[in-house]
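Novice: Here it is: the structure, laid out below.
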Amino acid sequence: MSYIYLKLADLKNRARRIAREDGVPRQQAHDLAAQRGGYQNYAHALRLLPDGNVPKRVAVEIRQRWREREPRRWGDASFSIALASPLDDLLRPHQLVEYLGGCEIAGPATLVSNGIMRDLDETRIDIGKIARTLQFIDATALRPSRAKRIYPKSSWHNRPPIADHDHGWYDAEAGVHVLSTEPYRDDAATVPEQLAWNDKWGWATLPVAWGSIYGFGTSLYLLCPKAYLPRLREKAARLEAGSVAVFTDEIKDRFLRAAV
0 MSYIYLKLAD LKNRARRIAR EDGVPRQQAH DLAAQRGGYQ NYAHALRLLP
50 DGNVPKRVAV EIRQRWRERE PRRWGDASFS IALASPLDDL LRPHQLVEYL
100 GGCEIAGPAT LVSNGIMRDL DETRIDIGKI ARTLQFIDAT ALRPSRAKRI
150 YPKSSWHNRP PIADHDHGWY DAEAGVHVLS TEPYRDDAAT VPEQLAWNDK
200 WGWATLPVAW GSIYGFGTSL YLLCPKAYLP RLREKAARLE AGSVAVFTDE
250 IKDRFLRAAV
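Following numbering that gives the first Met the number 0, the numbering of the sequence shown begins with 0 at its first residue and continues without gaps.
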């Protein structure tokens, strides 16, 4: 079972219960409680969770309908993640594109996916992608974008050689578009074809050791003009130091509601 902590005291309370129920030392209980909240360990949670009574993180709920033909059943699935900002501070309706296409903001803490009804397993996969997208946006402040400027000279024909599962993002403060791509390899940034592409267009390819939004064994790379690379490195570092990427198995265990 996993938990959402809005402040450090919530984690400590859970740790005390774990120590009592599982009969483990307090230090181990703190690490277990942190891991069940999506952190690497207690030290990781200590850096991110506020130590006070004012919540710094917001529980955001993702909802989606599901339906299966055999056996005939249907229901509402929902899953919550903890973010640093309310949903309506992170996104505007026109930014619900790319991985968030078909979604609707239903309040400061609720995102509803109104796509085609899928079976329960497919719904978990969809919610996982949405959850990881929100984590990405929350950490990087990059917003989804369909602008053609995510490619050199604004042309899809100038896609990078490693391109797979392309998605666009926009840094409104810097006025720069960023391309994310998620190929099925973990060495894509160093292949000769990609290095040559970087040199040709004056771009940079940044591997991100966080996981990927698409999932299914892909790796995440962010591409941008070289002048923007220092700023993008800072954003990637915040993502890597933040909450662990939510994946499908965790969603299966943490579904809050699946009415049949």
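We treat Cβ as the ideally placed atom computed from N, Cα and C, and that holds for glycine.
What would DSSP say about S153, mapped onto helix, strand or coil?
Specialist: Of the three classes helix, strand and coil, the one that applies to S153 here is helix, per DSSP.
Novice: Quick one: grab the DSSP three-state call for A188.
Specialist: Helix at A188.
Novice: Measure how close the beta-carbons of R145 and V96 come, nearest whole angstrom, since I'm counting them as under 8 angstroms.
Specialist: Indeed they touch by this definition, with Cβ atoms about 5 angstroms apart.
Novice: What residue does the beta strand (DSSP E) around F135 start on, and which one ends it?
Specialist: Unbroken run through F135 is the alpha helix (DSSP H), L119 to T139; no beta strand (DSSP E).
Novice: Would you decide whether A226 is buried or exposed? Buried here means 16 or more other CB atoms lie within 10 Å of its CB.
Specialist: By the 10 Å Cβ count, A226 comes out exposed.
Novice: Which residues does DSSP list as the beta-bridge partners of I61?
Specialist: I61 pairs with F78 and L110.
Novice: Determine the closest residue to H164 out of Y220, I3, Q39 and Q94, with distance taken between C-alpha atoms.
Specialist: Comparing Cα positions, the closest option is Y220.
Novice: For H176, which of A187, W155 and L141 has the nearest alpha-carbon?
Specialist: Selected option, being the one with the closest Cα: L141.
Novice: Tell me which residues share the same chain as P54 and place their Cβ nearer than 8 angstroms to its Cβ, disregarding the 5 neighbours each side in the sequence.
Specialist: Annotation note: pLDDT 47 at P54 (below 50); position unreliable, no value reported.
Novice: May I ask you to report which of helix, strand or coil DSSP gives L178?
Specialist: Reduced to three states, the DSSP call for L178 is strand.
Novice: Taking R19 as part of the alpha helix (DSSP H), name the residues at either end of that continuous run.
Specialist: Note, R19: alpha helix (DSSP H), L7 to D21.
Novice: So, do the region 105-118 and the region 61-77 have three or more beta carbon pairs nearer to each other than 8 angstroms?
Specialist: Contact holds: three or more Cβ-Cβ distances are below 8 angstroms.
Novice: Please name the residue in H29, A76 and P224 whose C-alpha comes closest to that of P151.
Specialist: Answer by Cα proximity: P224.
Novice: Mind checking if Q63 is an interface residue toward chain B, Cβ cutoff 8 angstroms exclusive?
Specialist: Considering every chain present, this structure includes no chain B. It has just one protein chain.
Novice: What is the residue span of the alpha helix (DSSP H) that Y41 lies within?
Specialist: Start and end: Y41 to L47.
Novice: Express the C-alpha separation of K11 and P24 in angstroms, rounding to a whole number.
Specialist: Going by the C-alpha atoms only, they are around 13 angstroms apart.
Novice: So, does the region 21-40 touch the region 236-247, judging by three or more C-beta pairs under 8 angstroms?
Specialist: Short answer: they touch.
Novice: For A83, does the three-state DSSP call read helix, strand or coil?
Specialist: A83 falls in the coil class under three-state DSSP.
Novice: Between which two residues does the beta strand (DSSP E) containing D170 stretch?
Specialist: Note, D170: beta strand (DSSP E), H166 to D170.
Novice: So what does L205 bridge to, in DSSP terms?
Specialist: For L205, which the question treats as bridged, DSSP gives the partners L221.
Novice: Where does the unbroken beta strand (DSSP E) through R262 begin, and where does it stop?
Specialist: This structure cannot speak to residue 262, because the chain is shown only from 0 to 259.
Novice: Closest by CA to W202, which one among I80, P160, R123 and A42?
Specialist: Answer by Cα proximity: P160.
Novice: Find out if the Cβ-Cβ distance for the pair L48, L82 is shorter than 8 angstroms.
Specialist: No.
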